[in-house]
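Visitor: If you scroll down you'll find the structure; I have some questions about it.
6 protein chains.
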Amino acid sequence: YELTVNEGGAVGRVNGLAVMGEDSGIVLPVMAEIAPSQGPGQVIATGQLKEMAEEAVENVSAIIKKFSDQDISEKDIHIQFVQVGEGGVDGDSASITVATAVISALEEIPVEQNVAMTGSLSVRGDVLPVGGVTHKIEAAAKSGIDKIIIPKANEQDVMIEPEYEEQVEIIPVSHISEVLEVALAGEPEKDSLVDRLKSITGRALEQREVGAGGTNPSPQ
Amino acid sequence: YELTVNEGGAVGRVNGLAVMGEDSGIVLPVMAEIAPSQGPGQVIATGQLKEMAEEAVENVSAIIKKFSDQDISEKDIHIQFVQVGEGGVDGDSASITVATAVISALEEIPVEQNVAMTGSLSVRGDVLPVGGVTHKIEAAAKSGIDKIIIPKANEQDVMIEPEYEEQVEIIPVSHISEVLEVALAGEPEKDSLVDRLKSITGRALEQREVGAGGTNPSPQ
Amino acid sequence: YELTVNEGGAVGRVNGLAVMGEDSGIVLPVMAEIAPSQGPGQVIATGQLKEMAEEAVENVSAIIKKFSDQDISEKDIHIQFVQVGEGGVDGDSASITVATAVISALEEIPVEQNVAMTGSLSVRGDVLPVGGVTHKIEAAAKSGIDKIIIPKANEQDVMIEPEYEEQVEIIPVSHISEVLEVALAGEPEKDSLVDRLKSITGRALEQREVGAGGTNPSPQ
Amino acid sequence: YELTVNEGGAVGRVNGLAVMGEDSGIVLPVMAEIAPSQGPGQVIATGQLKEMAEEAVENVSAIIKKFSDQDISEKDIHIQFVQVGEGGVDGDSASITVATAVISALEEIPVEQNVAMTGSLSVRGDVLPVGGVTHKIEAAAKSGIDKIIIPKANEQDVMIEPEYEEQVEIIPVSHISEVLEVALAGEPEKDSLVDRLKSITGRALEQREVGAGGTNPSPQ
Amino acid sequence: YELTVNEGGAVGRVNGLAVMGEDSGIVLPVMAEIAPSQGPGQVIATGQLKEMAEEAVENVSAIIKKFSDQDISEKDIHIQFVQVGEGGVDGDSASITVATAVISALEEIPVEQNVAMTGSLSVRGDVLPVGGVTHKIEAAAKSGIDKIIIPKANEQDVMIEPEYEEQVEIIPVSHISEVLEVALAGEPEKDSLVDRLKSITGRALEQREVGAGGTNPSPQ
Amino acid sequence: YELTVNEGGAVGRVNGLAVMGEDSGIVLPVMAEIAPSQGPGQVIATGQLKEMAEEAVENVSAIIKKFSDQDISEKDIHIQFVQVGEGGVDGDSASITVATAVISALEEIPVEQNVAMTGSLSVRGDVLPVGGVTHKIEAAAKSGIDKIIIPKANEQDVMIEPEYEEQVEIIPVSHISEVLEVALAGEPEKDSLVDRLKSITGRALEQREVGAGGTNPSPQ
Ligand SMILES: [Ca+2]
Ligand SMILES: [Ca+2]
Ligand SMILES: [Ca+2]
Ligand SMILES: [Ca+2]
Ligand SMILES: [Ca+2]
Ligand SMILES: [Ca+2]
Ligand SMILES: [Ca+2]
Ligand SMILES: [Ca+2]
Ligand SMILES: [Ca+2]
Ligand SMILES: [Ca+2]
Ligand SMILES: [Ca+2]
Ligand SMILES: [Ca+2]
């Protein structure tokens, strides 16, 4: 069973995008909730996360803790990859999805459900490139999604069929503040939130060059 | 040995439903108790839970902690899958059963024992679809249960034999507050509890569409 | 070596009953002690407990913490399966034995050593059925034990040889308060303790039906 | 290399006895020290302890924490099996050795080094039987030890060669207070310590019968 | 995908250098951020670090905690090896990279992005030798990096092609304060930071001799 | 690469000695640093320590915590086996090396770098025998070390080539205070430190006899 929501707004729910097998994309929602903790607050993520996905959540938590400051020391941050299935979640491409769901839940500002997104994150808020962008965009388009956020560094990877080109708007971003600018719904609250996020994380890099590409290394 | 209770009311006890093997359902009760903790409060679940079942309990705990607010920081929440046997509990389809048992124990409001239930939960209170609904309904009917709560998203999956159709009432739900509305017994306390739960969790989704189904993905 | 004690009273010591291999019972004592903790209080059980036995201790601890309220937040509760041997303890049939030993140690009320017992427990104090009742009863009778407490739900399973029938009294119970009523020794203290335990745990079930039996499921 | 000390007194050092392989005993010293803790106090045992040996230390710690009451909440109790070698320590027969070493260190009362000992312990101070008593006694005698403490329940197992009979005194005991009575050196402090230990642990059993022996069970 | 940044300044971002396979170097950036902690502050490193890399972070944390004193007891220090890929990070040669990224984030002083570095660290601030220096230097040169920091003890290992010799400046260092002297950007703040770091760590060794080399031992 | 330092003084750095393979010794330095902790203070050792080496550090920590009393409850004690290589550190023969490095770092008193050492430790400060003494001494001599501290119990094991005999001074010791007497540099501080250490640890044994030797047992 797969429930797709592609209209209206929802607090703490974001349409993520994932790759299945070699060449198939899927809409994979993430939900978040903030609850009082019993001991010291924790970040609790479910969806049978593998190591790289767990670490993506740790990286996202740096931004969340900085954003919400002292307010979460007695709060648990719950993150749920919904309807994931047996294999569990791997990889770090849901990082911006997780960050958006948690910030929406913290601030109680709805997320636009006609938006889907994919992107990795640095601990300082930079949106980093991911794999499978084309398959993900097609899956989102098939599900009736209108806008798709992707990393700016993946812009040149987009090669979608003409039929989808008019159906969906592709929005390349390079910082988490741009993601929230697009995905959040409520107007004046959203703007002040985005400004606050920008001032807190700063920009790690004022200028950035894309150098020679390559496969990912296993450094020693 | 299997004890079935299908009449009267009991605090902290709920008739859950599970699937055994390929095509057989079973009534699987969940019991809950709240006790003072020794260190910081914990949620302690027994029944040899596998990873997906442990995570279902983590998701349910988001709702419970939010519902009971600060009151449980020095309390342990005990959840027991009773008479489970060697293999242990897997999957997330007992999520609404666990939530109902714990809220009954916290509030000391009895649960109707002629009700059985199956359903997954989001961290924000949405009831999500599960597998094996037909087998579970038949098992409940055979055990003398009168009312069976299932996820609204599973409504079209129900294909039970005519002999059971008159015996049991099927109640599709889409939010945890509807589950408690049906399953709890005491009258005025129940209503205020359900109202409080609604106001706390809100509705993640104001409108919802069921999109194209599919097998569960292992996203990357 | 096996030490059997079947006379007099002892604080914090209870004669449990276990099954060895296919068809042999044995008296397996449990001892308990309460000590000041170094950090937050803990429940510490020894006897190389397997997963199901560890979880039985967790379930019992719900009753103990509720019974003793705040008093144990800086106390360690030590539970020792004595003379267990290499294989360690498995299963949950010593739950009432553990509960009785700990409550005796907490309250410093002696346990009658001519009593042996077997029974699982719910977190709310219900005594649940176990396996091997007949073999356990015969082992207790051979060891000179006079009274044997078993779960009421196992009453129909008792098929002991005539020679033991006159030797031992079988006492079926359905709640932990009945176990203590039989097993504790000191008179006025015992009665108020049993009353307190009844009022704290309540009765989860006012009426109970035994439905169709079956093998234990591995639900999903 | 093996250092044997069999004369004089030493604080926090006790000559234990162990079995190697099938039929060979050895003197295996245990040393203890009490130090201020960094976080909450802990019991830290070294010597590559296997599960049963770790649990024996947990059982001993019940007696130690009760004996020293609140004083150890900010203290680490260090227990060292000295010169153990690759295989590590298994079994629970060093329980009285560990208890004696720690109580000597806590109270700064020397232990007689011409004494060696073997014995398991209940959490309430009962000395329980162990294996290999004869081999252990011969090893102690060969090392020049004068007095050997064994569990009373092992008294009938002693079958030592005549040449050792005159060399060593065998002292059967049934409670930890008797062990300290024999092993500690300083006079008036020792007596008040033994009295205190007796009053704290009480006697779990006023009368005790040794029933039919048997191999150790693996109960279920 | 690989993003290379080789110009300007960035807070909390440092160009590290790693070896891939036998004979290939790569620029591997490290990013750091400081956030309020939920419980006691932690050092959290991501990039699927193997044991030696985890321990390198522990060693670096000694310097960081000493440098920042009490200020980080309620702060989490996030360290991210960016774009690492499947195999994860091993070895300790990113120690100076990690230390520089964290100190930049703590002090909010930018790091020069035309600098890359490789070097192990002692807990007292000594820069220790690493492997693959030549391959690393060539990779940095190819990426447009201008200055490369290496351990002084590796100075004799540098054998780079003539074409790179004019392109890059090799800077051998023996203490972490020299690394920061080169890599940090902001002028007066940097100088006082470097002075403070020198005074805190001292010099473990006033004079040092390089003795007979050899392969790394596995001591016993 | 291997850096040998054999002259001058250094705070928190000690030349240890280890055995590689069957018949080869090596100088293996240990460094220590004390830093403010984030949560409760910890002892953190790096060098891929195997179980016996981890436990050696636990035993040494008993002496360190006792020596420094309450002062380290909010301090982390970092211990680093430098330049260890892939296999990691095993065994307990670096115990006196670790103790010396930590006490030097705590007290900020330099360690003489022309001294190397090997020796195990009891939790009460006794220096216990180790293996490979002859190979270790030769390795130290080859590295230009002048003085080598060994356990008194290993005195009869020293069989070094004549060429080294005049080069190095062998110093047998039986207590940690003697190690510091030889290895520390600063004069008046050192003496009061050694006195304090003697008074704190006392002597576990006033007289000691070396009994019949034997291989290390795996006691049960
Ligand atoms: Ca998980
Ligand atoms: Ca649409
Ligand atoms: Ca469990
Ligand atoms: Ca009915
Ligand atoms: Ca255990
Ligand atoms: Ca009798
Ligand atoms: Ca250990
Ligand atoms: Ca003698
Ligand atoms: Ca990690
Ligand atoms: Ca350049
Ligand atoms: Ca380690
Ligand atoms: Ca020299």
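Protein chains in written order, with our numbering: chain A, 2 to 221; chain B, 2 to 221; chain C, 2 to 221; chain D, 2 to 221; chain E, 2 to 221; chain F, 2 to 221. Every residue, glycine too, gets a C-beta built ideally from N, C-alpha and C.
1. Spatial neighbours of Glu108(E) within its chain, please: C-beta separation below 8 Å, excluding the five flanking residues on both sides.
2. Helix, strand or coil for Arg125(A), going by three-state DSSP, please let me know.
3. Could you tell me if Gly10(B) is buried or exposed, where buried requires 16 or more neighbouring beta carbons within 10 angstroms of its beta carbon?
4. Just the Cα atoms here: how many angstroms apart are Leu5(C) and Ser144(C)?
5. With 7 Å set as the bound, which would you pick, yes or no: does the beta-carbon of Glu59(F) sit closer than that to a beta-carbon of chain E?
6. Let me make sure I understand the geometry here. Which of Ile161(F), Ser121(F) and Met160(F) has the alpha-carbon closest to that of Ser175(F)?
7. What residues in its chain sit with their C-beta under 6 Å from that of Thr202(E), if we drop five residues either side in the sequence?
8. Nearest to Leu129(B) by CA position, among Ile150(A), Val128(A), Lys153(A) and Val83(A), is which residue?
9. Does the Cβ-Cβ distance between Glu8(A) and Gln114(A) come in under 7 Å?
10. Note down, in chain order, every chain A residue with its Cβ under 8 Å from the Cβ of Val83(E).
11. Using a beta-carbon distance below 7 Å, is Ala63(B) in contact with chain A?
12. Quick one, which residues of the segment 36–53 of chain F are near chain E if we go by CB-CB under 8 Å, in chain order?
13. Let me know the alpha helix (DSSP H) ranges lying completely inside the segment 55–106 of chain D, each 4 residues or longer, listed in chain order.
14. Go through the segment 110–161 of chain C residue by residue and report every complete run of the beta strand (DSSP E) that reaches 3 residues or more, in order.
15. Taking contact to mean at least 3 C-beta pairs separated by less than 8 Å, is the segment 153–172 of chain B in contact with the segment 13–25 of chain B?
16. Does the Cβ of Gly22(A) have 16 or more other Cβ atoms within 10 Å, making it buried, or fewer, making it exposed?
17. Identify the continuous alpha helix (DSSP H) that holds Pro189(B) and give its terminal residues.
18. Give a yes or no on whether the C-beta atoms belonging to Thr135(B) and Glu56(C) are separated by under 7 Å.
19. Kindly list the residues whose CB is nearer than 8 Å to the CB of Leu50(C), restricted to its own chain and excluding five residues on each side of it in sequence; keep chain order.
20. Taking 7 Å as the CB-CB limit, is Ile150(B) close to chain A?
21. Please confirm whether Met118(C) has its beta-carbon closer than 7 Å to some beta-carbon of chain D.
22. Within 10 angstroms of the Cβ of Met160(D), are there 16 or more other Cβ atoms? Answer buried if so, exposed if not.
23. Just the Cα atoms here: how many angstroms apart are Pro30(E) and Ser94(E)?
24. Does any CB atom of chain F fall closer than 7 Å to the CB of Glu179(E)?
25. Anyone know if the C-beta pair for Thr101(B) and Ala184(B) falls short of 7 Å?
26. How many angstroms separate the CA atom of Ala141(D) from the CA atom of Asp24(D)?
27. Thinking just about the alpha-carbon of each residue, which of Lys148(D), Pro173(D) and Ile177(D) is nearest to the one in Tyr165(D)?
28. Compare the C-beta of Glu34(C) with all C-beta atoms of chain D and state if any pair is closer than 7 Å.
29. Could you please tell me which residues of the segment 140–174 of chain B, in chain order, have their CB closer than 9 Å to any CB of chain C?
30. Closer than 7 Å, CB to CB, is Lys67(B) near chain A or not?
31. For Glu139(E), does the count of other Cβ atoms within 10 angstroms reach 16, so buried, or fall short, so exposed?
32. Take the Cβ of Glu34(E) as the centre, count every other Cβ of all protein chains shown within 10 Å, and call the residue buried at 16 or more, exposed below.
33. To the nearest angstrom, report how far apart Lys66(A) and Gly42(F) are at their CA atoms.
34. Would you mind sorting Pro163(C) into buried or exposed? The rule is 16 or more other CB atoms within 10 Å of its CB.
35. Within the 7 Å Cβ cut-off, does Glu56(D) reach chain C?
36. Interface residues of chain C around Ser74(D) at Cβ under 9 Å?
Guide: Let me spell this out:
1. Glu190 and Leu194
2. coil
3. buried
4. The amino acid at residue 5(C) is misidentified as Leu; the sequence shows Thr. If you take the alpha carbons of Thr5(C) and Ser144(C), they lie about 7 Å apart.
5. No, because no Cβ of chain E sits closer than 7 Å to the Cβ of Glu59(F).
6. Considering only alpha carbons, the answer is Ser121(F).
7. Arg125 and Gly126
8. Checking every option, the nearest Cα to that of Leu129(B) belongs to Val83(A).
9. In this structure, Glu8(A) lies near Gln114(A), with their beta-carbon atoms less than 7 Å apart.
10. Against chain A, a Cβ distance below 8 Å from Val83(E) picks out Ser123 and Leu129.
11. yes
12. Ala36, Pro37, Ser38, Gln39, Gly40, Pro41, Ile45, Thr47, Gly48 and Gln49
13. Restricted to the segment 55–106 of chain D, not a single alpha helix (DSSP H) segment is unbroken, complete and at least 4 residues in length.
14. Within the segment 110–161 of chain C, the complete beta strand (DSSP E) runs of at least 3 residues are 116–118 and 148–152.
15. no
16. exposed
17. Glu188 to Thr202
18. Taking 7 Å as the Cβ cut-off, Thr135(B) and Glu56(C) do not qualify as a contacting pair.
19. Val58, Phe82, Gly89, Val90 and Asp91
20. No, Ile150(B) lies away from the interface with chain A (no Cβ there is under 7 Å from its Cβ).
21. no
22. exposed
23. 13 Å
24. Cβ-Cβ to chain F under 7 Å: no for Glu179(E).
25. yes
26. 14 Å
27. Lys148(D)
28. yes
29. Lys143, Ser144 and Gly145
30. yes
31. buried
32. Glu34(E) counts as buried, since no fewer than 16 other beta carbons sit within 10 angstroms of its beta carbon.
33. Approximately 24 Å between the Cα atoms of the pair.
34. exposed
35. yes
36. Chain C residues near Ser74(D): Pro37, Ser38, Gln39, Gly40 and Glu75.
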